[in-house]
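In this note's numbering, the protein residues as written are 5 to 1032. We put the beta carbon where it would ideally sit given N, CA and C, even for glycine. None of the values given here were measured: they were computed from a predicted structure. I have placed the structure first, in the form of structure tokens, so that the comments after it can refer back to it.
Pasting the structure below:
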């Protein structure tokens, strides 16, 4: 199934998903840097870097030391959504500057202070200086402007002395002495905004372009009326004149259904080639259960193209008409688009949708933030473990508590963490939290109450009392628990596992927009522990945290691999194995990984964390983001891989043969070595992993020829040297025959497959197979190979349902397990799978199951199972002519067909055992329901009888049908002979003279050797045959 989402020459907004508002950008050479507001969170002032404006990597933070934010700049007990706001990042003569504001309001009052300060660094990665407070600079949102004459100017926002209306603001500038970090000279009043009655002009940035000074600012507040406006002047000190066509960017005029709103607070920048762009903030408008058009990610960073055009109208009499330039944002559409043309073509792609921290590093990953400055001893980081000490403070206090988190990046995600928690102090709790502000959060924790452990989910909505969503005792709790928080379909769901993720118990579900991002900040997902006002020495230890989000935005990936039902880790059906798409696709919304198999979630991220593997961008598609024509069947999975420009090995060989693109021997051997290193990593990792589908098309090449293994859709992990799979799957020709027959994967069978790849690389031809390019190729080979092996015992042999009125088909567990798994029976009416085990998949009434996979449908009346071995026999009920049921007297034999590899249903009559694919029913059982078209074969019944009888066409089709069949074959033979006789001369005339002479000589002398050329050159054979 070929799926192509967007034009691969486009990128997707937001370029930095999650709560990263108020972006400011600067370019140094060919590298771009963005700094964002951080409010009450520490570390503060996050910084990202990029070389393509689309994929952004962490640099670090401007405020990364406690000493920087514990004095004049105060983040110790700052109020939610106060703190660090609206930075401006600039570079001049080898020094980076960040100028910004810290807002602080003492407890009990809405009046506070705005401290404007500058920090500097010679290296963007730090260390950054202590804050240099700018005395005498009122207001918020300062900017630094470097003029051509070497002067630096402070540009700020303040309330005017005599406002004309509430909310009116004023922009001003002051010369800035960067040596002493002081304002010098007089203050110059520049502009009060573009609209009469417009409010909250803020976030100014000054630019000089073609001799004119431009002053750009945000206006209208940071809500839905947010806008970006601009004014022009001939002097840095003004006066500045607005254009009547303001604003230059806004979404206030668009429908509330537009995908993004509140756009504004931008910053302009120029590329080396002269083109211009703007970064700005915006809020995704996502429909929620409460009808709100907002998202929990808050305000995010977006990218917009800008084109300077000659202003055809008069701009406040500033020179002749058409002399001044006007910045046109998003010139093609006039709004922030979900996708736009890539600004730069040469892109190095990076995944952004999955964050996994196993705490092996000596310092925390920059993704982690604390609410306010963390207290001493709040956490202890050791290899493989994060200890979070339970402190008396709670999350709703205006104080630092034992709380740390990462930003929610997308609306749909899965958040997992494994915690060990053995408290001794009554009332202490630890676990996870989804939090947005002091009064807007939901906690998912384990509590010690009266000596008992309880798991609880509590919700605190803005302006309401905290309330419990779930609470239950954990009788089986032994100190370890895995928390899982999922967001899907506009709802958060909470579940936990006490068996290391093998199974999960659902706790609660709530509408996601109960926790909407109100105000300035987005939601966080984090770890939380508290002793609720009591002194305590209790602590929680976390082994890992994994956050997998949907919507891997701004990334260009290789392909989407459409799997089958529950198609991860060995659960793909052998019928119609799909292939990896070999062209770039743009993943407009890759879904978060939500596979039901816990082993899949553990193995895939580990398997792909190696240089010889193609990076997995995502594990699933968010159904709600797909166009209707591309909807996946429920329960299907997908894998999306990074784009590798060299294509796969097989196609590279084809290009070298068909398109005269040399594939040098050194490059071929290098590719084999790269793939071998990846395979070695799989087989030597802990736990051991098996790829299960090693072949040329699954080894990709980057633009430099480096080979990487891809397509881990069949991969599985094993604690031993071999692994028994429910059903062998893969690609015939590459797959080891022993693996196909037995379903046992080993290192040797993987090496066999890799050996076939090496042969392909050396010979330039893929493996030859008996039934090439047929959908059922693998099944056909499997069916023919298993006939040679003895039957093996199956589980679930006992009767499952002996109810004659049973209206659903039932089947027993077919895995060779022991203990409680033996003899389990499963029924269903097309419901979703109620287990994470693939072989527990529920099936529709009347569906046929082939080795645990849903195959073809048979239209049978309701019936019951008979006792037997292998596939069960159905007691078929037939209808009489008047529509009432009557039961055919059947003999349910103990054994009809005991071959464990039987892939079709059977039933027994007094005349024998029947199986197969037939449009018509047996003459001995005329009223049985119709089965799927095919062939029916009779077998003798009785214990141990497994020999196949010849097809009894007389009994199956009747005497008349058999005679008709013979007459038809005879007629075809006569017509065919006549046609051959008539075309022989024409064929001979079509041959060359030399070929005609060869045929004549061969007719006269049958033993003559016509040509000594090898058969491959005469017949055009392309494949080499493997050791089948």
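Just to confirm the assignment, what range does the beta strand (DSSP E) spanning residue i have?
i	result
residue 39	35–39
residue 311	303–314
residue 685	Where residue 685 is concerned, there is no enclosing beta strand (DSSP E), although the alpha helix (DSSP H) it sits in stretches over 669–688.
residue 330	329–333
residue 464	456–464
residue 490	484–492
residue 438	433–441
residue 128	It is not in any beta strand (DSSP E) - residue 128 carries neither H nor E in the DSSP assignment.
residue 282	280–288
residue 408	406–411
residue 376	Looking at the DSSP string, residue 376 is not in any beta strand (DSSP E), and its letter there is neither H nor E.
Leaving out the 5 sequence neighbours to the left and right, which residues in its chain are closer than 7 angstroms to residue i when beta-carbon positions are compared?
i	result
residue 661	768
residue 723	691
residue 489	419, 436, 438, 448, 496, 498 and 529
residue 361	369, 548 and 549
residue 13	345 and 346
residue 996	Only weak support is given to the placement of residue 996: the predicted model assigns it a pLDDT of 47, under 50, and the question is left unresolved by the model.
residue 666	660
Using only the alpha-carbon positions, how far apart do residue i and residue j sit?
i	j	result
residue 718	residue 695	7 angstroms
residue 374	residue 394	15 angstroms
residue 58	residue 541	46 angstroms
residue 499	residue 348	43 angstroms
residue 52	residue 247	33 angstroms
residue 458	residue 517	27 angstroms
residue 441	residue 290	20 angstroms
residue 286	residue 123	27 angstroms
residue 388	residue 479	28 angstroms
residue 1072	residue 425	There is simply no residue 1072 to check, as the chain begins at 5 and stops at 1032 in what is shown.
residue 1045	residue 512	In the structure as shown, the chain starts at 5 and stops at 1032, and residue 1045 therefore has no counterpart that could be examined.
residue 367	residue 698	38 angstroms
residue 205	residue 27	17 angstroms
residue 675	residue 761	11 angstroms
residue 132	residue 729	55 angstroms
residue 412	residue 314	42 angstroms
residue 735	residue 700	10 angstroms
residue 422	residue 462	20 angstroms
residue 471	residue 443	12 angstroms
residue 95	residue 428	54 angstroms
residue 17	residue 188	41 angstroms
Would you call the CB atoms of residue i and residue j closer than 8 angstroms?
i	j	result
residue 141	residue 150	no
residue 276	residue 310	no
residue 191	residue 209	no
residue 703	residue 693	no
residue 49	residue 88	yes
residue 258	residue 15	no
residue 410	residue 371	yes
residue 509	residue 433	no
residue 171	residue 525	no
residue 343	residue 553	no
residue 199	residue 232	no
residue 135	residue 77	yes
Could you pull out every residue in the same chain whose Cβ sits closer than 6 angstroms to the Cβ of residue i, ignoring the five residues on either side in sequence?
i	result
residue 117	108
residue 545	389, 391 and 424
residue 144	105, 118 and 161
residue 379	404
residue 726	748 and 750
residue 165	none
Where does the unbroken alpha helix (DSSP H) through residue i begin, and where does it stop?
i	result
residue 658	653–662
Among residues of its own chain, excluding the 5 on either side of residue i, which ones have a beta-carbon nearer than 8 angstroms to its beta-carbon?
i	result
residue 74	80 and 377
residue 36	29, 30, 53, 54, 55, 57 and 273
At which residue ranges does the stretch 706–769 contain complete beta strand (DSSP E) runs of 3 or more residues, listed in the order of the chain?
-> 711–713, 720–722, 726–728 and 748–750
Runs of beta strand (DSSP E) lying entirely within the stretch 151–207, each at least 3 residues, in chain order | 156–162, 174–181 and 186–195
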